[in-house]
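Undergrad: Just so you know, the sequence shown maps onto residues -25 to -1, 1 to 126 in mature numbering (1 follows the signal peptide of the UniProt record, and there is no 0).
Here it is, the structure in full.
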Amino acid sequence: MTRFLSLLVAVVCAVAVSSASAAQAAVSKNTPEAAVISFYTWFIQHDSDQTYPLREPDIERYVAKDTVARLRNDYAHAGPPNGVDYFLKVQDYDSRDWLAHMQVQRALMLGDVAIVAVSFGSQNPVHVLVFMKRLDADWKIIKIDDTWEYR
């Protein structure tokens, strides 16, 4: 009888854990972290194709429309802010290394804004902070900042 109860408890626990894992996997597809990984994978792959992703209509799948419009205007009039790519905060990078060594931290929630820290590269990593809001049921980038000292 005790073996039967132990087996029953083990089966119930296994079912509960697998159900929770399946539910978590379904939810995690629409998280700020997943959106950041999806964006940077798309961005770096398209940037490496000798096109600039800011010009692509698909960028609005990842970045808020107002942010895209302001960035396009800024690039048209003055070039990239601070002389570096707005999304990566560098002029040059190794796309293969950055795709292979992208580390995304868990989002910090401040009201309706998610802040996701991202590191790129295996040597001398570059760090950025990605600010996101849920717009039309999707997490969209509203701003990206660097971690440099104030100059």
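Ideal Cβ positions, reconstructed from N, Cα and C, are used throughout, including at glycine.
#1: In the DSSP assignment, find the unbroken beta strand (DSSP E) run with V83 in it and report its ends.
#2: When you compare each of A39, R30, N57, T16 to W123 by their alpha carbons, which one comes out closest?
#3: Do the CB positions of I116 and A39 come within less than 8 Å of each other?
#4: Which of the three DSSP states is assigned to K40 in this structure?
#5: For the beta strand (DSSP E) containing I117, name the first residue and the last one.
#6: Who does A75 pair with in a DSSP beta bridge?
#7: Short check: CB of I119 to CB of V103, under 8 Å?
#8: Do K108 and D121 have their beta-carbon atoms positioned less than 8 Å apart in this structure?
#9: As a quick exercise: from M84, V79, L110, L83, pick the residue whose alpha carbon is nearest that of F95.
TA: Taking the definition as stated:
#1: Residue 83 sits at position 108 when you count from the first residue of the sequence shown. It is worth fixing the name first, because residue 83 is Leu in this sequence and not Val. Here the beta strand (DSSP E) through L83 covers 83 to 85.
#2: On the sequence shown, position 148 is the one that residue 123 refers to. For the residues A39, R30, N57, T16, the minimum Cα distance to W123 belongs to N57.
#3: As a working mapping, residue 116 is identified with position 141 in the sequence shown. As a working mapping, residue 39 is identified with position 64 in the sequence shown. Yes, the pair counts as a contact, with Cβ atoms nearer than the cut-off.
#4: The residue you call residue 40 lines up with position 65 of the sequence shown. Helix at K40.
#5: Translated into positions along the sequence shown, residue 117 becomes position 142. Its beta strand (DSSP E) spans residues 113 to 121.
#6: Position 100 of the sequence shown holds residue 75. The bridge partners DSSP lists for A75 come to none.
#7: Residue numbering aside, residue 119 sits at position 144 when the sequence shown is read from its first letter. Residue numbering aside, residue 103 sits at position 128 when the sequence shown is read from its first letter. Annotated as proximal: I119 and V103, with beta-carbon spacing under 8 Å.
#8: Indexing the sequence shown from 1 puts residue 121 at position 146. Indexing the sequence shown from 1 puts residue 108 at position 133. No.
#9: As a working mapping, residue 95 is identified with position 120 in the sequence shown. When each option's Cα is compared against that of F95, the closest is V79.
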